[in-house]
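Take a look at the structure below.
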Amino acid sequence: MKWEEFKEQLMKNPAFRKEYEDLEPEYQLVRSIIQQRIAKGMTQAELAKRVGTRQSAIARLESGRYNPSLRFLKKVAKALDAKLEVRLKTQ
């Protein structure tokens, strides 16, 4: 079974769907960081050096297993010559 088919089945479960949707902002941020880094032709090690951290910290960030501080995200954005935007929106 392909991932998309499996995901479609899982999304039929309301509890799973809610948890999945609640995590979407984090996944969007991770995808954006990875895309920006790759677009700039940087490795995780190169990004880490610019941020002032280790490659393993960037790997954890990109895996989604790490809940970074706003300060750390600002450093990553600066290293990528990007702007970090944090917003609250009413539902």
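Positions in the sequence shown are counted from 1; adding 67 to them yields the numbering used here.
C-beta atoms are modelled at their ideal positions from N, C-alpha and C, and glycine is treated no differently.
Just so you know, these numbers come straight off a predicted model, no measurement behind them.
Supposed contact pair residue j and residue i - C-beta distance, whole angstroms, cut 8 Å
i, j, result
"L147", "K116", "The pair is not a contact, with the Cβ atoms about 13 Å apart (cut-off 8 Å)."
Backbone secondary structure at residue i - three-state DSSP
i, result
"S130", "helix"
"E152", "coil"
"L147", "coil"
Endpoints, alpha helix (DSSP H) assigned at residue i
i, result
"K74", "W70 to L77"
Whole alpha helix (DSSP H) elements within the region 91 to 137, 4-residue minimum = 111 to 118 and 122 to 130
Would the region 125 to 142 and the region 82 to 101 be scored as touching if the rule is three or more Cβ pairs under 8 Å?
-> yes
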